[in-house]
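Residue numbers (my numbering): 12 to 289.
Using N, Cα and C, we set each Cβ at its ideal position, and we do this for glycine too.
Below: one structure, written as structure tokens.
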Ligand code: ATR
């Protein structure tokens, strides 16, 4: 009997229980996935209580991906480099932390558009928060080295680039500059909350100069097809959706806990229905 869960604040609308219940069913495993909404003021006490529960593993969502780190017994190297953990496994050596967000993104793009990796396309990331950082590191590890980052606050894009361990050709850009030279990029990834419901009319940059052969991705999954993606589609681009990343990062977490390798694509249709509320 697997005992899994999620900590965060708030966690009430999380899709993770649905995903992990489906994954358990797919793999013929019995178990539970519980939600733990932790008040920031009671964090320390609640985490100690969680240790006593002896779960097999759990996920961590906002705002605790950094705050959990001092409570872990080990942190894998890429999660340590990012300074953020979204998955913990309970092992004989104690709690071990991982981060599956970036590799979930990279794998979900690769499943659909493998040519991006074989042709070493130039990549533009829009935004410089935690999500951008994870995706930046994972795409570098997947062999893409020409990754520019555009952000409203250009200094923050520069900081993300400095965190890369290898020398690279990345540049930090303003949003306007990125819009001007958009035609240069084969993969464009929107990593901010701009365009998320209820602000679903917002688009972070003008797509006028988009290369019609580009793949355009938005990590926002509410709505499923953001205005940013709709505009990209109207200009002929191919799309990659935020919910594909969400599903794949969960599959990686599930693999860490159980060693199983479920095929995320088997859940995609059901997940889309769930997101659309049908
Ligand atoms: P997360 O960790 O969830 O990725 P974050 O650290 O709060 O989120 O980062 C949010 C990102 O969205 C930042 O790149 C932020 O730009 P700034 O660094 O200039 O603040 C970007 N962002 C948020 N709202 C924005 C808006 N209205 N227009 C442009 N960028 C925005």
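Secondary structure at residue 196: coil, using DSSP grouped into helix, strand and coil.
The bridge partners DSSP lists for residue 251 are 228. Rounded to the nearest whole angstrom, the CA to CA distance from residue 107 to residue 71 is 12 Å.
Take residue 40, set aside five residues on each side of it, and the residues of its chain with a beta-carbon closer than 7 Å to its own are 13 and 269, in chain order. Annotated three-state conformation of residue 262 is helix, per DSSP.
Looking at 228, 63, 126 and 234, the one whose alpha-carbon comes closest to that of residue 250 is 228.
Spanning the alpha carbons of residue 173 and residue 42 requires a straight line of approximately 42 Å. A residue is called buried once 16 or more other Cβ atoms fall within 10 Å of its Cβ, and residue 23, having fewer, is exposed. The alpha helix (DSSP H) runs lying completely inside the stretch 31 to 80 and spanning 4 residues or more are 54 to 64, given in chain order. With a threshold of 7 Å, the Cβ atom of residue 72 does not count as near the ligand ATR, since no heavy atom of the ligand is closer than that.
Inter-residue distance for residue 266 and residue 275 is about 11 Å (C-alpha atoms, whole angstroms). With a threshold of 7 Å, the Cβ atom of residue 163 counts as near the ligand ATR, since some heavy atom of the ligand is closer than that.
Nearest in C-alpha terms to residue 53, of all of 150, 84 and 18, is 18.
Using a Cβ distance threshold of 8 Å, residue 215 and residue 226 do not count as a contacting pair. For residue 126 and residue 166, the gap between their C-alpha atoms comes out near 32 Å. Note: residue 159 is bridge-paired with 135 in the DSSP secondary-structure output. The beta carbon of residue 183 sits no closer than 7 Å to any heavy atom of the ligand ATR. A Cβ-Cβ separation of about 5 Å places residue 201 in contact with residue 137 under the 8 Å criterion. Here residue 107 carries a strand assignment [DSSP, helix/strand/coil]. The Cβ atoms of residue 128 and residue 155 lie closer than 8 Å to each other. Separation of residue 30 and residue 179 (C-alpha to C-alpha, rounded to the nearest whole angstrom) is 36 Å.
Between residue 181 and residue 160 the beta-carbon gap is near 7 Å, inside 8 Å, which marks them as a contact. Short note on residue 49: C-beta not closer than 7 Å to any heavy atom of the ligand ATR. Across the set 60, 163 and 134, the C-alpha of 134 shows the shortest separation from the C-alpha of residue 151.
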